[in-house]
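**Q**
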Amino acid sequence: MNQKAVPPNRPSQPQIQLTELSSSTQKMAQETKDILKTIRSLTGGLRSYPIRELVKEAEDFGKYLKNQNVKTNQIRKFLDAINRVKIDLSQLYYSSELDFRGENLEEKIPENFKGKISEIETDIVMLKPKLAYGASRASKKSEEEALKKMEDVLSLAIDKIQTDIETVKHFQNFQLDFERLVNLIESIIAYHKEQGGE
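Position 139 of the sequence shown, counting from 1, maps to 139 under UniProt numbering, and the rest follow consecutively.
1. Identify the continuous alpha helix (DSSP H) that holds S95 and give its terminal residues.
2. Could one say the Cβ of S139 lies closer than 8 Å to chain D's Cβ atoms, at least one of them?
3. Can you check DSSP and say which residues form a bridge with T167?
4. Are A157 and L147 close, meaning C-beta to C-beta below 8 Å?
5. Sort F113, R52, M150 and M126 by Cα distance to A135 and report the nearest one.
6. Considering only their Cβ atoms, is the gap separating I109 from residue 207 smaller than 8 Å?
7. Measure from the alpha carbon of K77 to the alpha carbon of each residue in G196, E194, Q195 and I189, then state which is nearest.
8. Just to confirm the assignment, what range does the alpha helix (DSSP H) spanning Y64 have?
9. Please classify M150: does DSSP put it in a helix, a strand, or coil?
10. Give the straight-line distance between the Cα atoms of T32 and L176, rounded to the nearest whole angstrom.
11. Taking 7 Å as the limit between beta carbons, can you name the residues of its chain near D85, skipping five residues before and five after?
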C-alpha cells in the first residue's frame, strides 16, 4: 500500500475549514438565540426594545442571513406587506377625530374605530403565515433554515404588539409597537444589504 501517513497531531486542511465553518455557524446560532431572548424578555411590548440593542442585534442577524445566501427579495416581500399595514395605520390615525396628542389618554375608543383597528391587527398577525410560506419556498437548505429563524424572530416580535385596544393610550402603544417592528425589519434588511446581500 502506497498511502502517505498523516502525522496524528496535525489536522488536514479540510478539517480546519470545517472547524472554522462550524465555529461561524455556532456564532450565528448564538446571535439568533440572543435576539429571540431579548424579544421574549420584553415586558412593555415591542416598544420597550431598546433601539441601540435592536440595531446591534439586527446587524448580527442581517449578517447571518447574508451568510446563509438569503436574497434581499425574500426579505423585502415581508417589508412590502408591513409597509401596506403602515399606510393603513397612518390613514386610520389621520382620519380619526380622536385626540391622540391630548391629555385624555384614557378616552375610550369608539366601536367603529375598534373595528378598523381589528382589521389592521388581523393584517399584522397574518404576516406570520407569509413568513412561513417564504421559508417553505427557499431553494436551498441553508436559506430555508435562515428564513425559518427569521420567521421565529419576527413572529415573536409580532406577538409583542399591543392588543386589546380600548383607550387612546392603548392605541398609542399599538402604534409604537408596530413602529418598532418596522425598525427591526428595516434594520435587518439594511445590514443584510450592507454585507453584500443580493
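Yeah, the Cβ is synthetic: ideal placement off N, Cα and C, and Gly gets one too.
**A** From the atom records:
1. In the sequence shown, the residue the question calls residue 95 occupies position 95. Its alpha helix (DSSP H) spans residues T72 to S95.
2. Among the protein chains of the structure shown there is no chain D, as only one such chain exists.
3. Within the sequence shown, residue 167 is the residue found at index 167, counting from 1. Answer is K108.
4. The sequence position of residue 157 within the sequence shown is 157, counting from 1. The sequence position of residue 147 within the sequence shown is 147, counting from 1. Contact flag unset, no.
5. Within the sequence shown, residue 135 is the residue found at index 135, counting from 1. The shortest CA-to-CA distance from A135 to any of F113, R52, M150 and M126 is the one to M150.
6. Residue numbering for the chain in the displayed model covers 1 to 198; residue 207 lies beyond these limits and cannot be assessed.
7. Position 77 of the sequence shown, counting from 1, holds the residue named residue 77. Nearest option by C-alpha distance: I189.
8. By 1-based counting over the sequence shown, the position of residue 64 is 64. It spans I51 to N67 - the alpha helix (DSSP H) in which Y64 sits, taken as one unbroken run.
9. To locate residue 150, count along the sequence shown from 1; it is residue 150. Taken through DSSP and simplified to helix, strand or coil, M150 comes out as helix.
10. Against the sequence shown, residue 32 aligns to sequence position 32. Against the sequence shown, residue 176 aligns to sequence position 176. For the pair T32 and L176, the Cα-to-Cα distance works out to about 24 Å.
11. Here residue 85 refers to the residue found at position 85 of the sequence shown. A quick correction: the sequence has Val, not Asp, at residue 85. Same-chain partners within the cutoff: I120, D123 and I124.
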